[in-house]
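Colleague: If you're matching them up, the sequences are chains D and H in order.
For what it's worth, my numbering labels the leading residue of the first sequence as 562, then goes sequentially.
For what it's worth, my numbering labels the leading residue of the second sequence as 562, then goes sequentially.
Glycine included, C-beta positions come from ideal geometry on N, C-alpha and C.
This one's a predicted model, so the numbers in the text were calculated from it and none came from an experiment.
For reference, the structure I am asking about is given below.
Number of protein chains: 2
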Amino acid sequence: MTFSVTILGSSSALPTSTRFPSAHVLNAHERLFLIDCAEGTQMQLRRLHIKMSKINHIFISHLHGDHTLGLVGLISTFNLVGRKSDLHIYANAKLEENLTYNLNFFIEELTFKLIFHAVEQNKHQVIYDDGKIVVESLPLRHRVPATGFLFREKRGLPNIRKELIEKYSLSLAEISSIKNGSDLTLPDGQLIPNNDFTYYSSETRAYAYCSDTLYSERLVGLIRNVDLLYHEATFANDDIKLAKVTGHSTAGQAATIESKSGATKLIIGHFSSRYKNVDLILKEAKEIFENTIAAEDGQVIEVPVKRNN
Amino acid sequence: MTFSVTILGSSSALPTSTRFPSAHVLNAHERLFLIDCAEGTQMQLRRLHIKMSKINHIFISHLHGDHTLGLVGLISTFNLVGRKSDLHIYANAKLEENLTYNLNFFIEELTFKLIFHAVEQNKHQVIYDDGKIVVESLPLRHRVPATGFLFREKRGLPNIRKELIEKYSLSLAEISSIKNGSDLTLPDGQLIPNNDFTYYSSETRAYAYCSDTLYSERLVGLIRNVDLLYHEATFANDDIKLAKVTGHSTAGQAATIESKSGATKLIIGHFSSRYKNVDLILKEAKEIFENTIAAEDGQVIEVPVKRNN
């Protein structure tokens, strides 16, 4: 089962000659979740040959142009190609007003249903659950209300140890019941706990997107042990004051959050255009957390299946 | 004196993996005029290392998203870098309302003055004149009101034939008067016509941008003898019915306009994404007008100085 993130844009507000502003695509089991949708998102999707029609859910972190200005163009394109399936957008309620205004201005009639889900940006809660993937909102600290997103695979039903099926001659009804969490009571009244029967062949995977944000200790508890954390690192450590004033993080701060949360891998991005290259920012993050990479547009980061023994 | 056009986007409404939607930059004597501003325009400007701060005038042909959706992002970027100089936008009056709404939504306060010039889209008239360059609106035929733009160098003052300065011992006052169009009256009452004295070392150059439009014979008279004509050719000849329904032109129609208007060179563009490559469209245009090129993103087309002998 695929679980991978594609970076569509890795710059902060000012795009550069090699970096577009913020947008990520998470492919979770061939469902595509678009996270932020800056100007140029649809071009990056084309370039990277990502099938746009598979995008049914768009999550917007906050209402700055460098995270949202690609929405009207993307929706127009969906309309031009005659999209039929519903499109869900999860964002601050104010975005709905803006979208309604602009879609009325630019588009005669949508060929599909646009369903808007208002996200309460200061709350940590489940905002999406399709039985396979669950998404939680992560309150961030920025100049305007902002929310990160945690995407997590849900556990399916466990496997049952074959040898025990034989040993206790389990019926299909008993197997189903045990898979759903029941213990087994033997004819002599002895109880065999559910745990003895069940196991999971792999662990669930999780990806957290945290941008834009100041350093926020609150995040640590909310993203504990994710496999992949994207945390903005707009600035190098020397520019920590600038980070504070503008509501952003430094490389060191991003890596500290990673390190405290116990995440497996860190991607930093949302780089200020003031840095001609991001080697220094990456180096500073790696000093605190070695397993860090610097986002590049077009990059795909796979989270491998975590098999249990 | 530079007079060149850079193609920022050559696709029609749906961008492709190699083509962004419509935007051109005309460099006329190091003044940069932006013509249309689709999504991604600011990225193309960055990539092509075009100095954004030199853009003071933006001309918008019509209010479809694939010609306008880059405006809010570009203006946001101007604001972030602390632009001070006025920015002039020439477009259908309705765009002002849309821009005002979106700039209020996304930007706290502009660091520069935005000056909006409403273009009457069904009129052929001068809409800009800075003494060196003049811009005329060109009524087009599209599904919504649309205007092309004709950019023309203005003639400066003529040169005076040196040998006649000596022959008639002209004073500085007389030279200035002749340069400004007067004839010369000799002491004996004889009149030497202005034409005898004056000449221009080069001819003025002109560029016409005609997109989006149906085939329109009216254009022919308005763009006569331009050096460079950009005319949309969204479709190949076989798709002429589709062109008519959608308010666009075929390759053959674009080349016919060029041919009838006596222009020197034709650029076709605004290609539908249905064509994997545009060889056929180019071939069809060339059958009618040989000196045709197919627009490519990033391409620069120079109009050389036309020296008189």
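On the DSSP bridge assignment, give the partners of V871/H in chain order.
Modeller: With chain H represented from 562 up to 870, any question about residue 871/H goes unanswered, as that position is not in the structure.
Colleague: For the beta strand (DSSP E) holding K826/H, just list the boundary residues, first then last.
Modeller: In the second sequence, counting from the first residue as 1, residue 826/H sits at position 265. Taken as a continuous stretch (DSSP letters only), the beta strand (DSSP E) holding K826/H covers K826 to G830.
Colleague: Verify the CB distance criterion: does M604/H have a CB-CB separation below 8 Å to chain D?
Modeller: In the second sequence, counting from the first residue as 1, residue 604/H sits at position 43. M604/H counts as touching chain D.
Colleague: Counting only the same chain and skipping the five closest in sequence on each side, list residues whose C-beta sits under 7 Å from that of R785/D.
Modeller: Start at 1 with the first residue of the first sequence, and residue 785/D comes out as number 224. Only S822 and G823 meet the Cβ criterion.
Colleague: Select from R580/H, H618/H, L587/H and I753/H the residue whose C-alpha is nearest the C-alpha of Y791/H.
Modeller: Counting from one through the second sequence, the residue named residue 791/H turns up at place 230. Comparing Cα-Cα distances from Y791/H to each of R580/H, H618/H, L587/H and I753/H, the minimum goes to L587/H.
Colleague: So if I threshold CB-CB distances at 7 Å, which residues from the region 580 to 606 of chain H count as touching chain D?
Modeller: F581, E600, G601, Q603 and M604
Colleague: At a Cβ threshold of 8 Å, is L630/H touching chain D?
Modeller: Mapped onto the second sequence, residue 630/H falls at position 69. So yes, L630/H belongs to the interface.
Colleague: What's the C-alpha gap between S772/H and L701/H?
Modeller: The residue labelled residue 772/H in the question sits at position 211 within the second sequence. The residue labelled residue 701/H in the question sits at position 140 within the second sequence. So the alpha carbons of these two residues sit roughly 8 Å apart.
Colleague: Give the single residue among R716/D, F581/D and E851/D whose Cα lies nearest to the Cα of S763/D.
Modeller: The residue given as residue 763/D occupies position 202 in the first sequence. It is R716/D.
Colleague: At a Cβ threshold of 8 Å, is F796/D touching chain H?
Modeller: As a working note, residue 796/D is residue 235 in the first sequence. Not one chain H Cβ lies under 8 Å of F796/D.
Colleague: Would you list the one or two residues that DSSP bridges to T759/H?
Modeller: In the second sequence, the residue the question calls residue 759/H occupies position 198. According to the DSSP secondary-structure assignment, T759/H is paired through a beta bridge with I721/H.
Colleague: Relative to the C-alpha of C598/H, which candidate in L745/H, I636/H and L843/H has its C-alpha closest?
Modeller: Here residue 598/H refers to the residue found at position 37 when the second sequence is read from its first residue. Residue I636/H is the option with its Cα nearest to C598/H.
Colleague: Would you please verify whether the beta carbon of R713/D is less than 8 Å from any beta carbon of chain H?
Modeller: Sequence index remark: in the first sequence, residue 713/D carries index 152 (1-based). So, not an interface residue.
Colleague: Which residues in the same chain have their Cβ closer than 7 Å to the Cβ of F850/D, if we skip the five residues on either side of it in sequence?
Modeller: What you label residue 850/D is simply residue 289 of the first sequence in a count that begins at 1. Closer than 7 Å at the Cβ level, and outside the excluded window around F850/D, lie A816, E819, S820 and L827.
Colleague: Shorter than 8 Å from the beta carbon of N659/D to some beta carbon of chain H?
Modeller: Taking the first sequence and counting its residues from 1, the one referred to as residue 659/D is at position 98. By the rule that beta-carbons nearer than 8 Å mark a contact, N659/D touches chain H.
Colleague: Looking only at its own chain, which residues have a Cβ that is under 8 Å from the Cβ of V781/D, when we skip the five neighbours before and after it?
Modeller: For the purposes of this step, residue 781/D is taken as residue 220 along the first sequence, with counting starting at 1. The answer, listed in chain order, is I818, K821 and S822.
Colleague: Measure the alpha-carbon distance for E681/D versus I736/D and round it to whole angstroms.
Modeller: Numbered from 1 along the first sequence, position 120 holds the residue referred to as residue 681/D. Numbered from 1 along the first sequence, position 175 holds the residue referred to as residue 736/D. Cα atoms of E681/D and I736/D: separation of roughly 41 Å, rounded to the nearest angstrom.
Colleague: Compute the Euclidean distance between the alpha carbons of H628/D and Q605/H, then round it to the nearest angstrom.
Modeller: By 1-based counting over the first sequence, the position of residue 628/D is 67. By 1-based counting over the second sequence, the position of residue 605/H is 44. H628/D and Q605/H: Cα-Cα distance of roughly 18 Å.
Colleague: Where S614/D and E658/D are concerned, what is the direct C-alpha to C-alpha distance, given to the nearest angstrom?
Modeller: As a first step, residue 614/D must be located in the first sequence, where it is residue number 53. As a first step, residue 658/D must be located in the first sequence, where it is residue number 97. When rounded, the distance between both Cα atoms is 24 Å.
Colleague: Hey, could you find the ends of the alpha helix (DSSP H) I636/D is sitting in?
Modeller: Taking the first sequence and counting its residues from 1, one reaches residue 636/D at position 75. Note, I636/D: alpha helix (DSSP H), L632 to L641.
Colleague: If we ignore side chains and look at the alpha-carbon of each, how far apart do F581/D and L789/H end up?
Modeller: Within the first sequence, residue 581/D is the residue found at index 20, counting from 1. Within the second sequence, residue 789/H is the residue found at index 228, counting from 1. The straight-line gap from Cα to Cα measures roughly 32 Å.
Colleague: Against chain H, which members of the region 675 to 691 of chain D pass a CB distance test of less than 9 Å?
Modeller: The residues in question: there are none.
Colleague: Could you tell me which chain D residues have their CB closer than 7 Å to the CB of G634/H, listed as they occur along the chain?
Modeller: The residue labelled residue 634/H in the question sits at position 73 within the second sequence. Within 7 Å Cβ-Cβ: E600, G626 and L630.
Colleague: Do I568/D and H585/D have their beta-carbon atoms positioned less than 8 Å apart in this structure?
Modeller: For the purposes of this step, residue 585/D is identified with residue 24 of the first sequence, where counting begins at 1. For the purposes of this step, residue 568/D is identified with residue 7 of the first sequence, where counting begins at 1. Result yes, Cβ atoms of H585/D and I568/D sit closer than 8 Å.
Colleague: For N663/D, which beta-bridge partners are listed by DSSP?
Modeller: Within the first sequence, numbered from 1, the residue matching residue 663/D stands at position 102. In DSSP, N663/D forms no bridge with anything.
Colleague: Exposed or buried, which one is P865/D when buried takes at least 16 other CB atoms within 10 Å?
Modeller: Here residue 865/D refers to the residue found at position 304 when the first sequence is read from its first residue. Answer is exposed; the Cβ neighbour count stays below 16.
Colleague: Could you tell me whether the Cβ of Y662/D comes closer than 8 Å to any Cβ of chain H?
Modeller: Locating residue 662/D in the first sequence gives position 101, where the first residue counts as 1. Closer than 8 Å to some Cβ of chain H, the Cβ of Y662/D qualifies, so yes.
Colleague: From V687/H to I694/H, what does the alpha carbon distance come to, in whole angstroms?
Modeller: Position 126 of the second sequence holds residue 687/H. Position 133 of the second sequence holds residue 694/H. Computed Cα separation, rounded: 11 Å.
Colleague: Work out the CA separation of Y729/D and P748/D for me, nearest whole Å.
Modeller: Reading the first sequence from its first residue, position 187 is the one you call residue 748/D. Reading the first sequence from its first residue, position 168 is the one you call residue 729/D. The straight-line gap from Cα to Cα measures roughly 11 Å.
Colleague: Would you decide whether V806/D is buried or exposed? Buried here means 16 or more other CB atoms lie within 10 Å of its CB.
Modeller: Walking along the first sequence from the start, residue 806/D turns up at place 245. The residue is exposed, with fewer than 16 neighbouring Cβ atoms inside 10 Å.
Colleague: Would you mind stating whether G742/H and N755/H have Cβ atoms separated by less than 8 Å?
Modeller: Position 181 of the second sequence, counting from 1, holds the residue named residue 742/H. Position 194 of the second sequence, counting from 1, holds the residue named residue 755/H. It is a contact, given that the beta carbons lie within the stated cut-off.
Colleague: Pick helix, strand or coil for E658/D, following the three-state DSSP scheme.
Modeller: To locate residue 658/D, count along the first sequence from 1; it is residue 97. Three-state result, E658/D: helix.
Colleague: Determine, using beta carbons only, whether L630/D and G634/H come nearer to each other than 8 Å.
Modeller: As a first step, residue 630/D is located in the first sequence; it is residue number 69 there, counting from the start. As a first step, residue 634/H is located in the second sequence; it is residue number 73 there, counting from the start. Yes. Within cutoff.
Colleague: If you draw a straight line from the C-alpha of H831/H to the C-alpha of S571/H, how long is it?
Modeller: Residue numbering aside, residue 831/H sits at position 270 when the second sequence is read from its first letter. Residue numbering aside, residue 571/H sits at position 10 when the second sequence is read from its first letter. About 5 Å.
Colleague: Classify R554/D as buried or exposed, calling it buried when 16 or more other Cβ atoms lie within 10 Å of its own Cβ.
Modeller: The question about residue 554/D has no answer, for chain D in this structure spans 562 to 870.
Colleague: Considering H628/H, what are the terminal residues of the alpha helix (DSSP H) in which it resides?
Modeller: Against the second sequence, residue 628/H aligns to sequence position 67. Unbroken alpha helix (DSSP H) run through H628/H: G626 to T629.
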